[in-house]
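Going by the working numbering, the first residue of the sequence shown is number 40, and it counts up by one from there.
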Amino acid sequence: MSRLKRKILGGVFWTTTESVFNRSFDLIIQFLLAKLLFPEDFGVVGMAIVFVSFLQVVNDLGFGNALIQKKNMLLTKSHHSTAFWSGLVWSVCLLLLIYFVISPFIAAFYNEPILIKIVPALSITLLTSSLSVVQRARLTKQMQFKKLAVINSISNIIAGSLAFFLAFKGLGVWALVCYSVIKSVILVPLSFLASEWSPRLNWSEEHFKEIFGFGIFTTGTSIANVVAQKSDYLLVGKFLGATTLGYYAFAFLLTNTLRSQIAGVINKVMFPVYVTMQDEPEKLITTYLRTLSVNMMLVYPIILLIYLFAEYFLILFFGAKWTHSVPLIKILCISVFIQMWVNSNQALFRSFGRVRLEFNLQLVKSFLFFVPCIFFGIYSNGVSGAAWGFTVATLLSALLTFVYLKRIFRFPLNQYLAVLKVPLSLLLACGGSSMVLLNFIDWPFILLFYLLSVAIFFVLFAKREVRFMYQLIKHRNLTFMDEELKREY
Numbered sequence: 040m041s042r043l044k045r046k047i048l049g050g051v052f053w054t055t056t057e058s059v060f061n062r063s064f065d066l067i068i069q070f071l072l073a074k075l076l077f078p079e080d081f082g083v084v085g086m087a088i089v090f091v092s093f094l095q096v097v098n099d100l101g102f103g104n105a106l107i108q109k110k111n112m113l114l115t116k117s118h119h120s121t122a123f124w125s126g127l128v129w130s131v132c133l134l135l136l137i138y139f140v141i142s143p144f145i146a147a148f149y150n151e152p153i154l155i156k157i158v159p160a161l162s163i164t165l166l167t168s169s170l171s172v173v174q175r176a177r178l179t180k181q182m183q184f185k186k187l188a189v190i191n192s193i194s195n196i197i198a199g200s201l202a203f204f205l206a207f208k209g210l211g212v213w214a215l216v217c218y219s220v221i222k223s224v225i226l227v228p229l230s231f232l233a234s235e236w237s238p239r240l241n242w243s244e245e246h247f248k249e250i251f252g253f254g255i256f257t258t259g260t261s262i263a264n265v266v267a268q269k270s271d272y273l274l275v276g277k278f279l280g281a282t283t284l285g286y287y288a289f290a291f292l293l294t295n296t297l298r299s300q301i302a303g304v305i306n307k308v309m310f311p312v313y314v315t316m317q318d319e320p321e322k323l324i325t326t327y328l329r330t331l332s333v334n335m336m337l338v339y340p341i342i343l344l345i346y347l348f349a350e351y352f353l354i355l356f357f358g359a360k361w362t363h364s365v366p367l368i369k370i371l372c373i374s375v376f377i378q379m380w381v382n383s384n385q386a387l388f389r390s391f392g393r394v395r396l397e398f399n400l401q402l403v404k405s406f407l408f409f410v411p412c413i414f415f416g417i418y419s420n421g422v423s424g425a426a427w428g429f430t431v432a433t434l435l436s437a438l439l440t441f442v443y444l445k446r447i448f449r450f451p452l453n454q455y456l457a458v459l460k461v462p463l464s465l466l467l468a469c470g471g472s473s474m475v476l477l478n479f480i481d482w483p484f485i486l487l488f489y490l491l492s493v494a495i496f497f498v499l500f501a502k503r504e505v506r507f508m509y510q511l512i513k514h515r516n517l518t519f520m521d522e523e524l525k526r527e528y
């Protein structure tokens with residue numbers, strides 16, 4: 040095995056391990072904080088995060104991606120120093136703007152005076168991000184994924200532990216704020232130590248134009264993503280208040296955030312696989328469709344479990360204070376079932392360099408689907424309407440994505456429908472029977488029945504999906520699957 044292949048395999052292992060651990064740990068911390076805190080705490084932070092997420096994208100400017108993308112022979116020490124100092128100066132300017140202008144505006148927009156303090160506190164992450172972006176880009180380019188995994192995990196564990204301690208001591212909303220800030224602060228010294236690099240007092244206008252020219256386009260795509268992902272938080276917070284947003288944010292955490300965490304891991308693993316198949320369209324199509332099936336087989340049982348038993352789990356683990364989230368959870372679960380039909384398409388588009396198309400699609404989804412649907416939903420039926428609006432927008436978005444996937448990669452409709460057969464059968468068989476039995480039998484017995492039925496279903500019908508993912512991660516190629524895929528489809 041070549042040295043490069045060993046690095047790639049090691050990178051896949053450490054990236055996957057780090058993603059699974061940190062995303063799982065983050066969800067656990069959020070759940071623990073939900074146990075100790077109140078809906079209005081989550082709502083106030085959710086209001087701030089809408090704007091801070093947008094500012095983080097503006098702050099990044101794609102410098103890290105530009106350094107990673109640039110060929111080694113064309114990359115100089117001056118590029119790194121220029122990116123570092125440019126990012127730092129830009130972050131300081133943004134922080135001043137946030138402190139004197141943006142924070143008062145956000146507080147007035149939501150009519151929540153405490154946001155004048157919370158937004159600047161959360162915005163510290165902008166400065167810490169600029170202080171570590173070059174180091175993290177260097178580690179990524181050098182395929183030092185183990186180091187990245189270690190420093191990310193250390194910062195997550197320390198920040199999560201401190202946040203839980205602060206929540207236990209009664210600091211309320213500030214426990215949530217500190218979780219984000221402490222994590223980003225700890226990353227700075229760890230990134231310096233891991234990369235063994237420090238900036239020089241050097242800045243080049245020519246090199247700035249090079250890295251800025253690449254990064255600005257990816258920044259545009261990220262801004263459109265933020266609009267699509269946070270428009271519901273913005274509108275619910277504005278029109279319905281912090282407490283209602285807290286209920287909605289918690290429902291979103293249990294459904295779409297969980298889905299996106301799993302999708303993020305799959306995207307990281309599959310992106311380099313798709314790149315190697317650019318000249319083999321048939322293999323690419325079958326690989327994507329099988330990956331889509333695996334995605335659904337991973338997510339559907341979890342989301343279906345949440346849909347069936349949300350009201351019991353919430354009272355048991357988080358208390359009666361979160362019961363208003365139950366109907367929202369059930370609605371948003373439907374949006375997850377729909378989104379899974381085209382999940383992980385981002386890795387497919389980017390592996391073929393179709394970032395411009397991805398950007399244009401995201402613009403359409405954001406401003407023609409999500410914002411109007413959520414706004415109309417809130418206007419017609421409050422927070423439940425917002426959840427239904429998000430679900431309708433998700434359906435329209437999935438249909439649009441499917442049209443372009445089919446147009447570009449030209450896979451037959453019957454091949455796509457064959458992929459949906461097993462996951463949808465799981466929904467109907469295990470979910471349908473459990474829903475009927477819940478009307479007659481106590482829920483703990485139905486929970487046991489559901490878990491057993493899912494396990495039996497996997498043994499009987501999903502062995503190929505499990506084997507596919509195992510072999511893919513282990514071997515990083517699909518030679519062993521070619522004949523099986525052709526026979527199946």
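Positions of the beta carbon are idealized from the N, C-alpha and C atoms, including for glycine.
Query: How about residue 292 and residue 425: are their beta carbons less than 8 Å apart?; Result: no
Query: Starting from residue 80, trace the alpha helix (DSSP H) both ways and give me its first and last residue.; Result: 78-99
Query: Helix, strand or coil for residue 59 per DSSP?; Result: helix
Query: Compare the beta carbon distance of residue 165 and residue 94 with 8 Å and say whether it is the shorter of the two.; Result: yes
Query: Between the segment 318-337 and the segment 374-390, are three or more C-beta pairs nearer than 8 Å?; Result: yes
Query: Reducing DSSP to helix, strand and coil, say where residue 195 ends up.; Result: helix
Query: With a threshold of 8 Å on Cβ separation, who are the neighbours of residue 153 within its own chain once the five nearest residues in sequence on each side are excluded?; Result: 83, 146 and 212
Query: Keeping to the same chain, check which residues put their C-beta closer than 8 Å to that of residue 66; ignore five residues upstream and five downstream.; Result: 292, 296, 297 and 300
Query: Give the DSSP-derived three-state secondary structure of residue 432 in the structure shown.; Result: helix
Query: Quick one, which of 287, 403, 69 and 72 has its alpha-carbon nearest residue 370's?; Result: 287
Query: Tell whether a beta-carbon distance below 8 Å holds between residue 340 and residue 493.; Result: yes
Query: Are the Cβ atoms of residue 89 and residue 222 separated by less than 8 Å?; Result: no
Query: Taking residue 263 as the reference, which of 438, 407 and 367 has the closest Cα?; Result: 407
Query: DSSP three-state call for residue 181: helix, strand or coil?; Result: coil
Query: For residue 397, count neighbouring Cβ atoms within 10 angstroms of its own Cβ and tell me buried if that reaches 16, exposed if not.; Result: buried
Query: Between residue 529 and residue 285, which are expected to be in contact by the criterion C-beta below 8 Å, what is the C-beta distance as a whole number of angstroms?; Result: The shown model of the chain, from 40 to 528, leaves out residue 529, and the question about it has no answer.
Query: Check each candidate in 464, 471 and 401 and name the one with the smallest Cα separation from residue 439.; Result: 401
Query: Suppose only complete runs of 4+ residues qualify. What are the alpha helix (DSSP H) ranges in the segment 137-172, listed by chain order?; Result: 142-149 and 154-161
Query: Closer than 8 Å by C-beta to residue 522: which residues in its own chain qualify, once you throw out the five before and the five after it? Chain order, please.; Result: Because residue 522 sits at a pLDDT of 44, beneath the cut-off of 50, its placement in the model cannot be relied upon, and the point is left open.
Query: Roughly how many angstroms lie between the CA atoms of residue 358 and residue 238, to the nearest whole one?; Result: 50 Å
Query: Report buried or exposed for residue 57, applying the criterion of at least 16 other Cβ atoms within 10 angstroms of its Cβ.; Result: buried
Query: Using beta-carbon positions only, say whether residue 375 and residue 403 come within less than 8 Å of one another.; Result: no
Query: Can you tell me whether residue 336 is helix, strand or coil according to DSSP?; Result: helix
Query: For a test of the three-state rule: what should DSSP assign to residue 125, helix, strand or coil?; Result: helix
Query: With 16 other CB atoms within 10 Å as the buried threshold, where does residue 451 fall?; Result: exposed
Query: With a threshold of 7 Å on Cβ separation, who are the neighbours of residue 436 within its own chain once the five nearest residues in sequence on each side are excluded?; Result: 404 and 408
Query: What residues in its chain sit with their C-beta under 8 Å from that of residue 106, if we drop five residues either side in the sequence?; Result: 114, 118, 119, 122, 173, 176, 177, 180 and 250
Query: Where are the alpha helix (DSSP H) runs, 4 residues long or more, that stay fully inside the segment 387-464, in chain order?; Result: 394-403 and 410-448
Query: Using 10 angstroms around the beta-carbon of residue 204, count the other beta-carbons present and answer buried if the total reaches 16, otherwise exposed.; Result: exposed
Query: Among 232, 368, 202 and 467, which has the Cα closest to the Cα of residue 74?; Result: 202
Query: Taking Cβ positions, are residue 215 and residue 72 nearer each other than 8 Å?; Result: yes
Query: Roughly how far, in whole angstroms, is the beta-carbon of residue 379 from the beta-carbon of residue 420, given that I think they are within contact range, below 8 Å?; Result: Contact flag wrong, Cβ pair sits at about 25 Å.
Query: Pull up the CB-CB distance for residue 197 and residue 225, whole angstroms please, since I reckon it's below 8 Å.; Result: 6 Å
Query: So what does DSSP say about residue 241, is it helix, strand or coil?; Result: coil
Query: Do residue 433 and residue 368 have their C-beta atoms within less than 8 Å of each other?; Result: no
Query: Would residue 98 and residue 200 be called neighbours here (beta carbons separated by less than 8 Å)?; Result: no
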